[in-house]
Amino acid sequence: MENQPQVWTLGELAKTLQAEIVGPADLVISAPATSSSANPNGLAFAESQEYLDEAAASGVGAVIVPMSVESFSKPILRHPAPRAAFGHLLHLFDRPYPFVSGVHPTAVVSPAATVDPTASIGAYAVIEAGATISASVLVMPFAYVGENCTVGEGSRLLPHAVLLRDVTLGENCEIGPGAVLGHSGFGYYWDGTKHVAIPQVGGVTLGDAVDVGALTAIDRATADDTFIDSGNKFDNLVQIAHNVKMGPHGVVASQVGIAGSTRIGARLTAGGQSGFADHVTVTDNVALSGRAGVMNDIQEPGMYGGAPSMPIRQFHRVFSLMSDLPNLVKRLKALEKKIQELEGGE
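Shown next as structure tokens:
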């Protein structure tokens, strides 16, 4: 949104966000804000009474509220979906990464690479032989694109992002700082005296609009490709092992690990620190609570928790019993003793 002004009036924002304004249209809004903000030129959103009360007591200039709120102690924008309206607001104020078409003088680009003239190659970036950089791609400083990699149109490699070799990105992907795609998969065999590395000669393929967080790793396959379908979103510090195949539109939180050759369906939601054993298959529309451990196939959609993972209601029942286990064991031993005494009395 490079051409959008960074200072708006509340009236302009009401029109842009398709909201109903209650208050002065000429109030200057210079930034999105939280409901507890002290910024008199900030615009927050509040969906619940808790946050409405917080906004009323704060110094924030104006608030996006549900249509059910007819009046307020501050200027408001009434909207049927305040959270979505605030998301739109954030897009308006978002600052794009610097983009200058061409190759920075300090970048190292192989003569055997193909770089579209509309791409932006930053300082000290490296583009190896056989790589293809498509139109409108942003390669930021110190990023590395290895041999035979393809970066699809509009994709962005942030500083120190690494595509080692044989990595294909679809359109409009974003690879975060320090993320590594295409490193050798973790494969070894024991020859009787030592562990011997198994060559990993496959690649990595990402569909369109895949976001990979900072310091996340997606390993190349033993053969063929580790495959991540379109629309997946990965947080920072996620590990995707070799040969994984993942369906579209998943959301994976930080510190999740997916072991080798796992097959995951569409629209996975994986909570932080959840994990997948190798060679398991997970169907579409599965959600995992934090620290869930998938050790066997999941064949039914739904919410799962615990390790080994189980349907979330079952997990809650099991978890609620855990704190009472010492007392239950004590009672059981007392009952066993009483039964033994009764049997001895016969």
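For the sequence shown, this note's numbering gives the first residue as 1214, with consecutive numbering after it. Positions of the beta carbon are idealized from the N, C-alpha and C atoms, including for glycine. As the structure is a prediction and not an experimental result, all values here were calculated from the model.
Buried or exposed by the 16-neighbour rule on C-beta atoms within 10 Å, applied to Met1353: buried
N-terminal and C-terminal residue of the beta strand (DSSP E) that Leu1302 is part of: Taken as a continuous stretch (DSSP letters only), Leu1302 belongs to no beta strand (DSSP E), being part of the alpha helix (DSSP H) at 1295-1306.
Bridge-paired residues (DSSP) for Val1321: Val1339
Bounding residues of the alpha helix (DSSP H) (the contiguous stretch that carries Gly1224): 1223-1230
Contact set for Val1322: own chain, Cβ-Cβ below 7 Å, skip 5 residues either direction: Val1316, Val1328, Ile1334, Ile1340
Residue range of the beta strand (DSSP E) that includes Glu1360: 1357-1360
Residue closest to Lys1458, alpha-carbon to alpha-carbon, out of Thr1475, Gly1272, Met1508, Glu1366: Thr1475
Whether Ile1453 touches Ala1430 by CB criterion (8 Å): yes
Pair within 8 Å by beta-carbon distance, Leu1230 and Pro1245: no
Cα-Cα separation, Leu1303 to Gln1512: 38 Å
Cutoff 7 Å; reference His1462; Cβ partners in own chain excluding five residues on either side: Gly1444, Asn1445, Ala1479, Arg1480
Burial state of Pro1539, where buried means 16 or more other Cβ atoms lie within 10 Å: exposed
Proximity below 8 Å, CB of Ile1277 to CB of Pro1295: yes
Ala1547 versus Leu1534: straight-line alpha-carbon distance, rounded: 19 Å
Of the residues Ser1248, Ala1348, Tyr1402, Asn1509, the one placed nearest Gly1367, counting alpha carbons only: Ala1348
Boundaries of the beta strand (DSSP E) in which Val1531 is found, first to last residue: Where Val1531 is concerned, there is no enclosing beta strand (DSSP E), although the alpha helix (DSSP H) it sits in stretches over 1525-1535.
Buried versus exposed, by CB contacts within 10 Å (16 or more), Lys1287: buried
Closest by C-alpha distance to Arg1526, when choosing among Gly1488, Leu1501, Phe1489, Val1493: Leu1501
Spatially closest choice to Val1469 from Ala1392, Ala1268, Gly1503, by CA coordinates: Gly1503
Contacting residues, own chain, Cβ-Cβ under 6 Å from Gly1426 (five flanking each side not counted): Gly1389, Phe1447, Asp1448, Asn1449
Cutoff 6 Å; reference Thr1418; Cβ partners in own chain excluding five residues on either side: Thr1381, Asp1438, Phe1440
Short Cβ contact (8 Å threshold) for Gly1420 with Asn1456: no
Same chain, Cβ closer than 7 Å to Tyr1401, neighbours up to 5 away in sequence not counted: His1408, Val1409, Ala1410, Ile1411
3-residue-minimum beta strand (DSSP E) runs that sit fully inside the stretch 1247-1272, ordered along the chain: 1255-1258
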